[in-house]
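The next block holds one structure in the form of structure tokens; read it before the comments.
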Amino acid sequence: MEKELMMKKNQARSSAKAEYIAAAAAPKQAKWIKKVSTDLNYVEKKPTGLWCNNSAFSVAKNPVQHGRSKHNNVKFHAIRKAEKNGEVS
């Protein structure tokens, strides 16, 4: 996990939110890994697979704000953009 997530100031009040926050760092890590693998002349054309809790992934795939997810900080929505762009699946 990233250092910023390990020393985060915000508290997740549910396991789904905690996993959503952790999954928000995944696209940044996936981009870095793809860049390194491209530098090593290995090109992967498929999106990077992510595995997380069903509730956390459903929040990422469904942009509708529900009661508990409406308070998620905007900076954690990077996972939505990466999934929409086909960078991760």
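If you count the sequence shown from 1, you need to add 3 to reach our numbering. Note that beta-carbon positions come from the ideal geometry of N, C-alpha and C, so glycine has one too.
Supposed close pair residue i, residue j - CB separation, criterion 8 Å
i   : j   : result
E86 : T51 : The pair is not a contact, with the Cβ atoms about 10 Å apart (cut-off 8 Å).
Buried or exposed (CB count within 10 angstroms, at least 16 for buried), residue i
i   : result
E47 : exposed
Y23 : buried
K20 : buried
C-beta neighbour in chain B for residue i, strict 7 Å
i   : result
K31 : The chain labelled as chain B is not found in the depicted structure, where only one protein chain is given.
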